[in-house]
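Visitor: Numbering (this note's numbering), first residue to last: 2 to 225. Glycine included, each C-beta is placed from N, C-alpha and C at the ideal position. Got a structure for you, questions after.
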Ligand SMILES: [Zn+2]
């Protein structure tokens with residue numbers, strides 16, 4: 002009888018040990034999955050969660066796990082004046098980027114590492130663009146002392162909001178992000194860290210994200 006109990010205990014210990022080992026093996030991939038989920042949550046244009054504490058915890062865990070936004074905001078205290086509005090077809094009307102307020106500071110920072118791809122005038126507009134690894138950031142109006150081919154690093158001041166543009170007056174810049182296939186991406190979706198100013202409100206949907214992430218909404222003030 003005693004031998005049978007010991008045998009069972011051994012078998013259970015072995016099973017538990019094997020289970021812990023499998024969990025350990027999966028820990029890294031689980032962490033990565035959590036990273037992706039948190040980045041999606043934190044970068045959502047309209048985060049919809051039940052509590053500001055959730056966002057704070059998400060960001061804390063995010064930082065702990067070493068998650069990093071794909072891009073940083075190109076201006077300080079970013080405030081979106083006009084959001085991205087993807088055209089239904091490439092040739093149709095839309096807003097192929099975001100317009101960000103630069104009322105307080107006209108520095109434009111590189112959203113990510115890259116090289117200066119273009120500096121000049123396009124259709125009367127002052128344009129500076131950066132070639133990142135897979136996508137291109139374009140700013141207007143923007144002027145820069147840098148030259149095509151100059152390397153830039155994430156967060157580096159690379160240009161100034163000045164010149165001509167039909168998107169913005171001297172109070173904002175237009176930031177567009179596109180891939181090599183001329184497909185435009187929502188720049189907001191590529192950034193993650195933000196200061197959240199909570200206004201817990203009624204349970205309603207701000208946009209499509211709400212149906213996925215929950216039915217509570219709050220407004221956020223964007224800040225890197
Ligand atoms: Zn614009």
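In whole angstroms, what is the alpha-carbon distance linking residue 82 and residue 15?
Guide: Position 81 of the chain shown, counting from 1, holds the residue named residue 82. Position 14 of the chain shown, counting from 1, holds the residue named residue 15. For residue 82 and residue 15, the distance between alpha carbons rounds to 60 Å.
Visitor: Can you check DSSP and say which residues form a bridge with residue 186?
Guide: Taking the first residue of the chain shown as position 1, residue 186 is located at position 185. In DSSP, residue 186 forms a bridge with 178.
Visitor: Given the structure, does residue 105 come close to ligand 1, in the sense that its CB is under 7 Å from one of the ligand's heavy atoms?
Guide: Position 104 of the chain shown, counted from the start, is the residue given in the question as residue 105. Answer for residue 105: no, Cβ out of range of ligand 1.
Visitor: Run the CB neighbour count on residue 154, radius 10 Å, all protein chains shown included, and call it buried at 16 or more, exposed below.
Guide: The residue given as residue 154 occupies position 153 in the chain shown. When all chains shown are included, residue 154 counts as exposed.
Visitor: Helix or strand or just coil, what does DSSP make of residue 101?
Guide: Taking the chain shown and counting its residues from 1, the one referred to as residue 101 is at position 100. Residue 101: strand per DSSP, three-state reduction.
Visitor: Which residues are close to ligand 1, meaning CB closer than 6 Å to any heavy atom, in chain order?
Guide: Cβ atoms closer than 6 Å to ligand 1 belong to 83, 96, 98, 100, 168, 175.
Visitor: What are the boundary residues of the beta strand (DSSP E) that residue 115 is part of?
Guide: Translated into the one-based positions of the chain shown, residue 115 becomes position 114. Run containing residue 115: 115-123, per the beta strand (DSSP E) assignment.
Visitor: In whole angstroms, give me the CA-to-CA distance for residue 145 and residue 110.
Guide: By one-based count along the chain shown, residue 145 stands at place 144. By one-based count along the chain shown, residue 110 stands at place 109. So the two alpha carbons sit approximately 11 Å from each other.
Visitor: What residues match up with residue 172 in a beta bridge as DSSP calls it?
Guide: Here the question's residue 172 lines up with position 171 in the chain shown. Answer by DSSP bridge pairing: none, since residue 172 is not bridged.
Visitor: Buried or exposed: residue 107, going by 16 or more other Cβ atoms within 10 Å of its Cβ?
Guide: On the chain shown, residue 107 is found 106 positions in, with the first residue counted as 1. Residue 107 comes out buried.
Visitor: Considering only residues of the same chain and omitting the five flanking positions on each side of residue 94, which have a CB-CB separation below 7 Å?
Guide: Residue mapping note: residue 94 aligns to position 93 of the chain shown, counting from 1. For residue 94, where only same-chain residues beyond five positions count, the Cβ hits under 7 Å are 88.
Visitor: Could you please give me the residues that DSSP links to residue 77 through a beta bridge?
Guide: Start at 1 with the first residue of the chain shown, and residue 77 comes out as number 76. Note: residue 77 sits in no beta bridge, so no partner.
Visitor: Closest by CA to residue 165, which one among 74, 135, 123?
Guide: Stepping through the chain shown from its first residue, residue 165 is reached at position 164. Nearest of 74, 135, 123 to residue 165, Cα basis: 123.
Visitor: So, for residue 119: in the same chain, excluding its five sequence neighbours on each side, which residues have a beta-carbon less than 6 Å away from its beta-carbon?
Guide: Sequence index remark: in the chain shown, residue 119 carries index 118 (1-based). 130, listed in sequence order.
Visitor: Ligand 3 and residue 95: does any heavy atom of the ligand fall closer than 7 Å to the residue's C-beta?
Guide: Annotation note on ligand 3: not contained in the displayed structure, which lists ligand 1 as its ligands.
Visitor: Beta-carbon separation of residue 128 and residue 150 under 8 Å?
Guide: Locating residue 128 in the chain shown gives position 127, counting from the first residue. Locating residue 150 in the chain shown gives position 149, counting from the first residue. Cβ distance not < 8 Å, so residue 128 and residue 150 don't count as in contact.
Visitor: Buried or exposed: which applies to residue 188, given that a residue is buried once 16 or more other Cβ atoms fall within 10 Å of its Cβ?
Guide: Here the question's residue 188 lines up with position 187 in the chain shown. With 16 or more other Cβ atoms within 10 Å, it is buried.
Visitor: With DSSP run on the structure shown, which of helix, strand or coil describes residue 19?
Guide: As a working note, residue 19 is residue 18 in the chain shown. Looking at residue 19 - three-state DSSP - the assignment turns out to be helix.
Visitor: Going by Cα to Cα distance, which pick from 90, 85, 77, 105 is closest to residue 172?
Guide: Locating residue 172 in the chain shown gives position 171, where the first residue counts as 1. Cα-wise, what sits closest to residue 172 is 105.
Visitor: Taking buried to mean at least 16 other C-beta atoms within 10 Å of its own C-beta, is residue 176 buried or exposed?
Guide: Locating residue 176 in the chain shown gives position 175, counting from the first residue. Looking at its Cβ environment, which holds 16 or more other Cβ atoms inside 10 Å, residue 176 is buried.
Visitor: Report the rounded CA-to-CA distance for residue 174 versus residue 161, giving the unit in angstroms.
Guide: In the chain shown, counting from the first residue as 1, residue 174 sits at position 173. In the chain shown, counting from the first residue as 1, residue 161 sits at position 160. Roughly 9 Å between the two C-alpha positions.
Visitor: Figure out for me which residue from 9, 11, 167, 77 has the closest Cα to the Cα of residue 125.
Guide: For the purposes of this step, residue 125 is taken as residue 124 along the chain shown, with counting starting at 1. Comparing Cα positions, the closest option is 167.
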